[in-house]
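One structure below.
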Amino acid sequence: MKQVAIVSGKGGTGKTSIIASLAALAQGKAVFADCDVDAPDLHLLLQPKILERREFYGIKRAFIDEEKCIQCGICQDACRFDAIRDFQVETSLCEGCGVCHLVCPEGAVEMRDVQAGEAYISQTRFGPMVHAELYPGEEASGMLVAMVREMARDLAAEKKLNLILIDASPGIGCPVIASLTGVDLALVVAEPTVTGEHDLLRLLDVAGHFGIRTTVCINKYDLNIKAAEQIEELCRSRGVEIIGRLPYHTSVIDAMVRAQTVVEIGGPVAEAIEEMWKDLEGYI
Amino acid sequence: MKLSIASGKGGTGKTLVATSLAASLHSQRGRGITIADCDVEEPNAYLFFPDRTLLEEESCQVVVPVVDEEKCTHCGKCSKVCNYHALAVLPQTVLIFPQLCHGCGACSIVCPEKAISESSRSIGEIFHARSEGMDIVWAKLALGEARTTPLIKAVKDRAQSDTVIVDCPPGTSCSLVESVRGSDFCLLVTEPTPFGLYDLDIALRVLDKMGIPQAVLVNKSGVGDRKLYQYLMERKIPLLMEIPLDRRIAEIYSRGEIFVLQMPEWKERFVELAKRIEEMIS
C-alpha cells in the first residue's frame, strides 16, 4: 500500500483542488483521506455520503467538583497552563495533563473524556473516503489526523486498494507531522510568491528531517514566472523534482462553486493535472 | 487596541491584510504600531519589511524532564501518569520524547524516588525587529517540533504597543485560539468561495465561544458565488471591506511588497477600516 500526502506549508496554494482532481483520476483505485481536520474542505468537492461515524476523544479535561473543593488553591499553583482561575477550570486553556487531579488533597478534581470531534467513513463518486471534523477551537488535531489515517489504512486493506491520497493542513506543526509520518511520497504544492517560496523551503526542511521523499508542484505558475523559475532552481539545487506546473486559471474556482473537480470541468489546469497524474502513477 | 486577523482557510489574505493595515496606520500615525505574527509555523509578515533591523533574537524555552538514572527504580509511575506518552520506562532505562512533552510536571510530582528534575530546551526562535519605527515580532517553530502555543504566547508577550495587529495562523484549532486570546476584536479574512465560507463558519464559532467581537473582510471579491454574502446577511455579521480579485494586487503581493504603498487610495481605506473597528470596540 502506498500513501501520498499533499502538503503545502503556506495555506491556500491549491492542495484540496488538486487532490480532488487526483481522486477523480484515481477513480476506484484509491482511498481519500482528508487530514485537514480543523478546516476540512475536500468533502465540498467530493460530496461524500457518510456511511459510518466515529466519535473522537482527544485529551481529557479537568473538572472541579465545587462541593468537594475547599478553595485551598493548590491546583491553581500547580497548573502550568494558568487554566485554573477562581477555583474553576478554563477549559480552553486546560491541556489535560492531570496535575490538578494529582495534587488536590480533597479529590475534588476529576479528569473526564471530552468528545472533541467526529470521524467519518464515506463513499464518493470516485471511491471511499475518510474525513473528520475537529470541533471548533479544540486541541489534539494531530491525534485526530492519526485516527483518520488509521481508518484510511483499514479501509484500503478491506477494499483491497493500494493507494491512499492524503490532504494535509497547511503549516509544519503537529497536524502536518501527523499527516506526513510514514508516507511514501509528499507532493508539495507551492505558489510563485515570496511567501510561497519561504514556506516551501520550511516544508522541504521538515520533510527532509523526517526522511520523506518529496516532489513539488508549482500552482498558479504564471502569476509570477520569475518567482516560479526561482522555485524551480531552488528545487533543482536540493535534488527535488518538479512534477507539475499548473497555470493560474478561473476553472479552479468555477469547479469549486459547482462542487466538482477541475478535471471534470476541463480546461488548461485540468490538462496539467492529468499530465501530473501520469508521472505520479509512475512514481507510485 | 489589539486586533487579530484570522481566517480558518489558508491563503485567503490574512498577511496581505495585516501588513496593509499596519503599513497604512503607520504612515498615518508614525508610531505605536506592532505586527505580531502568530503563524509560528510559516511566519510571513516580516518578509514584507526587507529594510527591517533586527533588535533581538531569543530562543523559546520549554520544560522537559530529566531522569536521574541512579535514583530511578524503573517503577513506571511517571510513564503511567503522562497523558502525552512522553516517557517510556524500560527495565534498564527511561526514554524521554521531548517533542511530545507539554512540560506539565506530572512526572516529577508522582516520582516516589524524587529522581525526576526539570531542564529546558528550545522549540524555536522569537524575533523582534523594527522597520522605519514600526515593530514586527515573529517566531519560527523549530523543524520537527509539534507544539506551537508556547511560541505564540511569547510573540504576544513581546508585542507591546498602543496598536497590535496579530496575524493569525490558518485553521480553527488550538493555535488559532491561542493567537486570538486577549484580542479586543477579530477581523476574519475570507474569499467568496465554498471553501472560504465553510472555514469562515468554523472560525466564527471559535470566536463566539471565546466571546471576541468580529467582522469580515472579503478578499478576491468577484470570484466564486454569492453564498458568502447571504450567510453574512443572515447572521448579521458586519462586512467591513472588500478587496477585488485584481491581478495587479496579486502580483505586487507575489513580489513580497505591500500593495497599499503602491496603490495609495487603499491606504486611506485601511485607515478608515481601523477607525470603524475602533468605534465598534468602544
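So the protein sequences, as listed, match chains A and B.
This note's numbering runs 696 ahead of the 1-based position in the first sequence.
This note's numbering runs 3 ahead of the 1-based position in the second sequence.
The beta-carbon is built from N, C-alpha and C at its ideal position, and this holds for glycine as well.
At 3 residues or longer, what runs of the beta strand (DSSP E) sit wholly inside the segment 239-281 of chain B?
242-247
Below 8 Å, how does it come out for the segment 885-898 of chain A and the segment 925-935 of chain A: are there three or more Cβ pairs, yes or no?
yes
Take the Cβ of S837/A as the centre, count every other Cβ of all protein chains shown within 10 Å, and call the residue buried at 16 or more, exposed below.
buried
Would you report the Cα separation of M4/B and P153/B, rounded to the nearest angstrom?
23 Å
Quick one: does I205/B have its CB under 8 Å from some CB of chain A?
yes
Using DSSP's beta-bridge definition, name the partner residues of E814/A.
E751/A, E829/A
Determine the extent of the alpha helix (DSSP H) in which Q31/B is found, giving its start and end residues.
First-last of the alpha helix (DSSP H) with Q31/B: 17-32.
Hey, is H105/B's beta-carbon within less than 8 Å of any beta-carbon in chain A?
yes
Against chain B, with Cβ distances strictly below 8 Å, would C793/A count as a contact?
yes
Return the CA-CA distance between A804/A and H88/B, expressed in angstroms with no decimal places.
If I take the Cα positions, the gap works out to 25 Å.
Can you check whether the C-beta of L174/B is within less than 8 Å of a C-beta belonging to chain A?
Looking at the sequence itself, residue 174/B is Gly, so the reference to Leu does not match. Closer than 8 Å: yes.
At a cut-off of 7 Å, is K5/B close to the ligand HEM when judged by its beta-carbon and the heavy atoms of the ligand?
The ligand HEM is not among the ligands present in this structure, which contains no ligands whatsoever.
Mind pulling the alpha helix (DSSP H) runs of 4 or more residues that sit fully within the segment 855-943 of chain A?
870-876, 890-905, 921-934
In terms of residues, what are the limits of the alpha helix (DSSP H) holding R137/B?
Looking at the sequence provided, one finds Met at residue 137/B rather than Arg. Counting along the chain, M137/B falls outside any alpha helix (DSSP H), though it belongs to the beta strand (DSSP E) covering 137-144.
Taking all protein chains shown into account, decide if G707/A is buried (16 or more other Cβ within 10 angstroms of its Cβ) or exposed.
buried
Tell me, which residues are paired with I99/B by DSSP?
L90/B
Using the rule of at least 16 other Cβ atoms within 10 Å of the residue's Cβ for burial, across every protein chain shown, is P197/B buried or exposed?
That one is buried.
Can you pull the chain E neighbours of K756/A, defined as C-beta to C-beta under 8 Å?
Any reference to chain E falls outside this structure, whose protein chains are A and B.
Closer than 8 Å by beta-carbon distance: list the chain A residues that pair up with T151/B, in chain order.
G869, C870
Apart from the five residues on each side of it in sequence, which residues of its chain come closer than 6 Å, Cβ to Cβ, to G16/B?
Only V192, N222 meet the Cβ criterion.
Give me the DSSP bridge partner(s) of L6/B.
Partner residues in the beta bridge of L6/B, as assigned by DSSP, are I168/B, F188/B.
Note down, in chain order, every chain A residue with its Cβ under 8 Å from the Cβ of P197/B.
D737, L740, M952, V953, A955
Would the beta-carbon of V890/A fall within 8 Å of that of G710/A?
no
Comparing C-alpha positions only, which one of G724/A, L899/A, I770/A sits nearest to V912/A?
L899/A
Starting from E960/A, trace the alpha helix (DSSP H) in both directions and tell me its first and last residue.
958-961
Quick one: which chain A residues come within Cβ less than 9 Å of L231/B?
The contacting residues do not exist; L231/B stays about 11 Å from chain A at best.
Mind reading off the beta-carbon distance from V70/B to V97/B? Whole number of angstroms is fine, and I expect it under 8 Å.
5 Å
Where in the segment 201-226 of chain B do unbroken runs of the alpha helix (DSSP H), each at least 4 residues long, occur, reported from the N-terminal end onward?
none
Can you list, in chain order, the residues of its chain whose CB lies under 6 Å from that of E181/B, leaving out five sequence neighbours each side?
T152, I155
Is F262/B buried or exposed, if buried means 16 or more other CB atoms sit within 10 Å of its CB?
buried
Can you confirm whether S865/A, when its beta carbon is compared against all beta carbons of chain B, has any partner nearer than 8 Å?
yes
Is L58/B helix, strand or coil by DSSP?
strand
Give the interface partners of I112/B over in chain A, defined as CB-CB distance under 8 Å, in chain order.
Result: A774, V795, L798, V799.
How many Å lie between K12/B and P115/B at the Cα?
47 Å
What residues from chain A crowd round C78/B, counting only those whose CB sits closer than 7 Å?
Those do not exist, as C78/B stays about 16 Å from chain A at its closest Cβ, beyond 7 Å.
Checking 8 Å against the spacing of the C-beta atoms, do S27/B and V274/B come in under that value?
yes
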